[in-house]
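Right, one structure below, let's go through it.
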Amino acid sequence: QQQVKQSPQSLIVQKGGISIINCAYENTAFDYFPWYQQFPGKGPALLIAIRPDVSEKKEGRFTISFNKSAKQFSLHIMDSQPGDSATYFCAASIGGSEKLVFGKGTKLTVNP
Amino acid sequence: DAGVTQSPTHLIKTRGQQVTLRCSPKSGHDTVSWYQQALGQGPQFIFQYYEEEERQRGNFPDRFSGHQFPNYSSELNVNALLLGDSALYLCASRFRTGANEKLFFGSGTQLSVL
Numbered sequence: 158q159q160q161v162k163q164s165p166q167s168l169i170v171q172k173g174g175i176s177i178i179n180c181a182y183e184n185t186a187f188d189y190f191p192w193y194q195q196f197p198g199k200g201p202a203l204l205i206a207i208r209p210d211v212s213e214k215k216e217g218r219f220t221i222s223f224n225k226s227a228k229q230f231s232l233h234i235m236d237s238q239p240g241d242s243a244t245y246f247c248a249a250s251i252g253g254s255e256k257l258v259f260g261k262g263t264k265l266t267v268n269p
Numbered sequence: 118d119a120g121v122t123q124s125p126t127h128l129i130k131t132r133g134q135q136v137t138l139r140c141s142p143k144s145g146h147d148t149v150s151w152y153q154q155a156l157g158q159g160p161q162f163i164f165q166y167y168e169e170e171e172r173q174r175g176n177f178p179d180r181f182s183g184h185q186f187p188n189y190s191s192e193l194n195v196n197a198l199l200l201g202d203s204a205l206y207l208c209a210s211r212f213r214t215g216a217n218e219k220l221f222f223g224s225g226t227q228l229s230v231l
């Protein structure tokens with residue numbers, strides 16, 4: 158049973174555009190929702206994270222939108238740059254535990 | 118300040134063999150978690166170690182075992198290797214300050230089982 162469903166599987170945007178990646182979760186006990194960025198040959202790196210007591214969190218060009226009633230959260234990358242080309246993973250855990258449940262990932266390509 | 122370091126970076130084994138992967142957490146971090154990332158998939162949690170004990174475990178068989186040393190470094194052992202164990206094995210350490218926390222991942226060990 159996949160507890161975190163991520164879409165789309167791949168995404169191509171033009172430089173300067175907005176990239177949007179969506180995730181849906183099933184376990185209502187999840188209370189920590191991070192997004193990770195992974196480049197080829199590297200481990201995932203934390204981009205931004207949110208807890209369910211807020212509906213939106215912004216850090217630079219990255220924004221998480223959270224909808225608790227729909228059990229969905231999304232990552233928005235504004236002014237997308239070629240350097241943002243990477244695989245993005247949403248994840249969830251209970252109580253901030255290291256036992257993260259990851260989505261299957263979205264490969265983002267930003268064309269110059 | 119060194120990040121999370123893992124060794125070796127690549128490893129090739131044959132079915133039935135045993136393998137040991139190593140991880141040194143980021144300085145000042147005391148918990149280590151291990152993840153398995155199959156090609157084209159998200160990482161899957163194997164287990165977490167804190168104070169030299171396994172604290173949480175994911176849905177992995179007993180062939181997967183680990184250890185944490187007094188200096189917080191850790192090993193992941195996999196016995197009786199199967200072809201399906203081929204994956205990138207990631208180690209992560211946690212930094213927590215108050216309500217904020219961050220999980221730092223190493224670059225992983227790419228294991229190929231032939």
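Chain order of the listed sequences is E and U.
With my numbering, you'll find the first sequence wraps up at 269, consecutive numbering, no jumps.
With my numbering, you'll find the second sequence wraps up at 231, consecutive numbering, no jumps.
For glycine and all other residues, C-beta sits at the position ideal for the given N, C-alpha and C.
Opposing strand residues paired with residue i [DSSP bridges]
i: residue 162(E); result: 181(E)
i: residue 249(E); result: 258(E)
i: residue 183(U); result: 193(U)
i: residue 150(U); result: 165(U), 209(U)
i: residue 190(E); result: 207(E)
i: residue 136(U); result: 195(U)
i: residue 204(U); result: 228(U)
i: residue 221(U); result: 210(U)
i: residue 172(U); result: According to DSSP, which records beta bridges pairwise, residue 172(U) is partnered with nothing at all.
Close Cβ partners of residue i (< 6 Å) along its chain, the five nearest in sequence each way excluded
i: residue 204(E); result: 192, 194, 219
i: residue 212(U); result: 146, 219
i: residue 130(U); result: 136, 198, 230
i: residue 139(U); result: 124, 192
i: residue 229(E); result: 181
i: residue 141(U); result: 122, 190
i: residue 260(E); result: 161, 163, 180, 246, 247
i: residue 249(E); result: 161, 182, 187, 190, 258
i: residue 202(E); result: 194
i: residue 194(U); result: 137, 182
i: residue 127(U); result: 227
Enclosing beta strand (DSSP E) for residue i [first to last residue]
i: residue 229(E); result: 229-234
i: residue 202(E); result: 202-207
i: residue 223(E); result: 219-224
i: residue 129(U); result: 127-130
i: residue 170(E); result: 167-171
i: residue 212(E); result: Where residue 212(E) is concerned, there is no enclosing beta strand (DSSP E), given that its DSSP letter is neither H nor E.
i: residue 268(E); result: 263-268
i: residue 144(U); result: Taken as a continuous stretch (DSSP letters only), residue 144(U) belongs to no beta strand (DSSP E), as it is neither H nor E.
i: residue 242(E); result: Taken as a continuous stretch (DSSP letters only), residue 242(E) belongs to no beta strand (DSSP E), as it is neither H nor E.
i: residue 243(U); result: Outside the shown range of chain U (118 to 231) lies residue 243(U), about which nothing can therefore be said.
Any non-hydrogen atom of the ligand ZN within 6 Å of residue i CB
i: residue 145(U); result: This structure lacks the ligand ZN, and indeed carries no ligand of any kind.
Cutoff 8 Å; reference residue i; Cβ partners in own chain excluding five residues on either side
i: residue 132(U); result: 198, 199, 200, 230, 231
i: residue 242(E); result: 265, 266, 267
i: residue 154(U); result: 160, 161, 204, 205, 206, 207, 225
i: residue 120(U); result: 143, 221, 223
i: residue 251(E); result: 184, 186, 187, 188, 189
i: residue 224(E); result: 212, 230
i: residue 170(E); result: 176, 237, 265, 266, 267, 268
i: residue 187(U); result: 169
Residues of its chain near residue i, where Cβ-Cβ distance is below 7 Å and the 5 sequence neighbours each way are ignored
i: residue 174(E); result: 237
i: residue 184(U); result: 191, 192
i: residue 209(E); result: 188, 223, 225
Cross-chain neighbours of residue i in chain C, by beta carbon under 9 Å
i: residue 225(U); result: In the displayed structure, chain C is absent; the protein chains listed are E and U.
Residues of the region 163-179 of chain U with Cβ closer than 8 Å to any Cβ of chain E, in chain order:
165, 173, 175
Name the residues in the region 195-223 of chain E whose C-beta lies less than 8 Å from a C-beta of chain U; which are they?
198, 199, 200, 201, 202, 203
Relative to chain E, which residues along the region 193-223 of chain U have a C-beta separation below 7 Å, given in chain order?
207, 209, 211, 218, 219, 220, 222, 223
Give the residues from the region 233-253 of chain E that approach chain U closer than 7 Å (Cβ to any Cβ), ordered along the chain.
246, 253
Could you run through the region 253-264 of chain E and flag, in chain order, every residue whose CB is less than 8 Å away from some CB of chain U?
253, 254, 255, 256, 257, 258, 259, 260, 261, 262
Using a Cβ cut-off of 7 Å, which residues of the region 143-158 of chain U contact any Cβ in chain E, in chain order?
148, 150, 158
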